[in-house]
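So the structure is just underneath, and the comments pick up after that.
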Amino acid sequence: MRRVVITGLGAVTPAGLNVAETWSAIVAGRSAIRPLEHKMRERFSVPVAAQVLNFNPANHWDRKEAGRLDRISQFAVVAARAAMADCGLELTPAVSARAMCIIGVAVGGVTTWDDNARIIHAENRNRVPPLSVPKFMFNAPASQISTDLGLRGMCFVVASACASGTHAAGLAFHAIRAGAADVAVAGGAESCMTAITILSWEALRVLSHDTCRPFSKNRDGLVLGEGSAMLVIEALEHAKARGARIYAEITGFGSNADAAALTTPAPDSVAQAMRLAMDDAGLRPGDVDYINAHGTGTALLDASEGSAIRKTFAYGALPLVSSIKGVVGHSLGAAGAIEALATALTLHHQIIPPTANCNEPDPEIGLDVVAEGPRKVELTHALTNSIAFGGLNAVLAMRRYEP
Amino acid sequence: MSILEDVIVIIGNQLDRNPAEFNAETDLADEGFTSLDTVEVTFELEQKFRINFKYNANEAYGGERRTVGDIVKMVQHFITQRDGG
Numbered sequence: 071m072r073r074v075v076i077t078g079l080g081a082v083t084p085a086g087l088n089v090a091e092t093w094s095a096i097v098a099g100r101s102a103i104r105p106l107e108h109k110m111r112e113r114f115s116v117p118v119a120a121q122v123l124n125f126n127p128a129n130h131w132d133r134k135e136a137g138r139l140d141r142i143s144q145f146a147v148v149a150a151r152a153a154m155a156d157c158g159l160e161l162t163p164a165v166s167a168r169a170m171c172i173i174g175v176a177v178g179g180v181t182t183w184d185d186n187a188r189i190i191h192a193e194n195r196n197r198v199p200p201l202s203v204p205k206f207m208f209n210a211p212a213s214q215i216s217t218d219l220g221l222r223g224m225c226f227v228v229a230s231a232c233a234s235g236t237h238a239a240g241l242a243f244h245a246i247r248a249g250a251a252d253v254a255v256a257g258g259a260e261s262c263m264t265a266i267t268i269l270s271w272e273a274l275r276v277l278s279h280d281t282c283r284p285f286s287k288n289r290d291g292l293v294l295g296e297g298s299a300m301l302v303i304e305a306l307e308h309a310k311a312r313g314a315r316i317y318a319e320i321t322g323f324g325s326n327a328d329a330a331a332l333t334t335p336a337p338d339s340v341a342q343a344m345r346l347a348m349d350d351a352g353l354r355p356g357d358v359d360y361i362n363a364h365g366t367g368t369a370l371l372d373a374s375e376g377s378a379i380r381k382t383f384a385y386g387a388l389p390l391v392s393s394i395k396g397v398v399g400h401s402l403g404a405a406g407a408i409e410a411l412a413t414a415l416t417l418h419h420q421i422i423p424p425t426a427n428c429n430e431p432d433p434e435i436g437l438d439v440v441a442e443g444p445r446k447v448e449l450t451h452a453l454t455n456s457i458a459f460g461g462l463n464a465v466l467a468m469r470r471y472e473p
Numbered sequence: 010m011s012i013l014e015d016v017i018v019i020i021g022n023q024l025d026r027n028p029a030e031f032n033a034e035t036d037l038a039d040e041g042f043t044s045l046d047t048v049e050v051t052f053e054l055e056q057k058f059r060i061n062f063k064y065n066a067n068e069a070y071g072g073e074r075r076t077v078g079d080i081v082k083m084v085q086h087f088i089t090q091r092d093g094g
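Residue numbers (my numbering), protein chains in the order written: chain A, 71 to 473; chain B, 10 to 94.
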């Protein structure tokens, strides 16, 4: 089977409008969580969010073209353009025909959906903007990227709530490894700062009152985020043939379902997903140096993930673990992709980003969650975990690239 | 303003171009009009002239829709229909 590597990265996140700004905030543990900016803010209880502020569509499209993309697709296309530029690949017709696009999405084009709900239900009007369907259709981010870049291989959106971005990258990895494609733009996108989404999340009672503190004893919930991250994933020989810079190698993907509760994680099942990824990569538990955790900052999720990690690595050294959600919040369908990007850069730069805001590491988690700040250590193998509502788990295994 | 003038303004806005560049003979495809432009202009024309193209039932209108002049004829057709003509 072919080896598969990451050769391009692109991002639009609350921590920055590109990869460099995003990574520097993540590695410094500099939180992008801020007071929520929204015209209906007075009607919300949640006071904070991790929003992509200062994103100006006019920097990327003319007025008409920008209006044809929901904000989720705007993020997705800008991140994908950046990733493609970063990887330096020339999309000849032959390359394009074998170039896939798989994008993870959890809630989709909800800005368009929300606006239309207001027109129809609040304003009692029947005429909604004419291109609403192509804006909110779930596959819009993938279709817009494919059209914008000219990717003509297999293209679709994958939906597995908060694991979507990880599933997207994992499916692309498997397809390329098996020879079904040579290159893929894979990642996730979300733009969920709408009244319907925010009030619905409030109703679940999982949002923090002030900030996201993963693995901290005083954690009190997650903070909604938005944004997009895209990876260019490529067959190693394809990347080498063109002298591409390689960030990291993807070595395994494991994914399963709890088949139990929709919103309560099952530690045994999460542990099984990690084992599936390690088996796929040919790793034993002792090989794993670092885990980029799902770590949302809710009492339940962090405890379950901690327990799953302790169980998986019971017979050897525990890997170092950190969550970047204290910096970028929880961007649902984009989260796994932003975390895959962070994991690739962790291996590339050989430095572990801290768990920002973890000012009181919870002894019951029983892991070194790198709370004090970035840590420079030698790293070979890493996992990145995603644990989604609906009982869906997805784990990628990555390796520091060595020829 | 005549229907032609109104249609030209709407099409000029849609293409982000000066309406003075357009006349009844302008071929829309030649000017870069896409299927998405058609959908958006349909919406604008309906608003402007308070007509209903009975979409999907462009079939109900058998005329051409190639030039600006064709669009004017189509608008006129649906205005007449609206007014019970």
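Just so you know, even glycine gets a beta-carbon here, dropped at the ideal spot from N, CA and C.
Taking Cβ positions, are residue i and residue j nearer each other than 9 Å?
i: alanine 167/A; j: aspartate 218/A; result: no
i: phenylalanine 52/B; j: aspartate 15/B; result: no
i: isoleucine 76/A; j: glutamate 304/A; result: yes
i: methionine 348/A; j: valine 340/A; result: no
i: alanine 81/A; j: isoleucine 408/A; result: yes
i: cysteine 428/A; j: glycine 396/A; result: yes
i: glycine 78/A; j: methionine 300/A; result: yes
i: threonine 425/A; j: alanine 405/A; result: no
i: serine 325/A; j: glycine 240/A; result: yes
i: glycine 399/A; j: valine 293/A; result: yes
i: tyrosine 360/A; j: serine 392/A; result: yes
Residue i to residue j, Cα distance in whole Å?
i: isoleucine 17/B; j: glutamine 23/B; result: 10 Å
i: alanine 414/A; j: threonine 321/A; result: 12 Å
i: cysteine 262/A; j: valine 118/A; result: 13 Å
i: glutamate 260/A; j: aspartate 92/B; result: 47 Å
i: glutamate 319/A; j: arginine 469/A; result: 5 Å
i: threonine 333/A; j: arginine 380/A; result: 21 Å
i: isoleucine 421/A; j: glycine 21/B; result: 54 Å
i: cysteine 157/A; j: methionine 224/A; result: 20 Å
i: isoleucine 142/A; j: tyrosine 385/A; result: 43 Å
i: threonine 162/A; j: arginine 188/A; result: 44 Å
i: threonine 281/A; j: asparagine 209/A; result: 32 Å
i: proline 211/A; j: valine 147/A; result: 7 Å
i: isoleucine 31/B; j: threonine 43/B; result: Reading off the sequence shown, one finds phenylalanine at residue 31/B, where the question assumed isoleucine. Roughly 17 Å separates the two Cα atoms.
i: glycine 460/A; j: alanine 330/A; result: 9 Å
i: valine 177/A; j: glutamate 34/B; result: 45 Å
i: proline 473/A; j: serine 286/A; result: 39 Å
i: glutamine 90/B; j: aspartate 46/B; result: 24 Å
i: isoleucine 60/B; j: histidine 86/B; result: 10 Å
Got a sec, what are the start and stop residues for the alpha helix (DSSP H) residue i sits in?
i: phenylalanine 206/A; result: 202-206
i: alanine 233/A; result: Per DSSP, alanine 233/A belongs to no alpha helix (DSSP H) and is neither H nor E.
i: asparagine 186/A; result: 180-187
i: threonine 92/A; result: 89-98
i: isoleucine 20/B; result: 12-23
i: leucine 274/A; result: 265-274
From what residue to what residue does the beta strand (DSSP E) around residue i run?
i: serine 456/A; result: 451-458
i: isoleucine 76/A; result: 74-82
i: leucine 221/A; result: First-last for leucine 221/A: undefined, no H or E at that position.
i: asparagine 194/A; result: Counting along the chain, asparagine 194/A falls outside any beta strand (DSSP E), and DSSP gives it neither H nor E.
i: leucine 466/A; result: 462-469
Give the interface partners of residue i over in chain E, defined as CB-CB distance under 9 Å, in chain order.
i: glutamate 34/B; result: Note that chain E does not occur in the displayed structure, where the protein chains are A and B.
Check: Does the stretch 225-238 of chain A come within contact of the stretch 163-180 of chain A, defined as at least 3 CB pairs closer than 8 Å?
Finding: yes
Next item on the list: Examine the Cβ distances between the stretch 350-360 of chain A and the stretch 307-316 of chain A and report whether three or more of them are shorter than 8 Å.
Entry: no
Notebook entry, point to check: Taking the runs of the beta strand (DSSP E) that are 3 residues or longer, which of them lie wholly in the stretch 116-174 of chain A?
Noted result: 169-174
Next item on the list: Give, in chain order, every unbroken run of the alpha helix (DSSP H) that is at least 4 residues long and sits entirely within the stretch 31-86 of chain B.
Entry: 44-58
Item checked: Secondary structure, beta strand (DSSP E): runs of 3+ residues fully inside the stretch 380-413 of chain A -> You should have 390-392.
Checklist line | alpha helix (DSSP H) runs contained entirely in the stretch 306-367 of chain A, provided each spans 4 or more residues | finding: 306-311 and 337-351
Note to self: Is it the case that the stretch 116-132 of chain A contacts the stretch 85-104 of chain A, given that we only count it when at least three CB pairs across the two stretches are under 8 Å?
What the structure shows: yes
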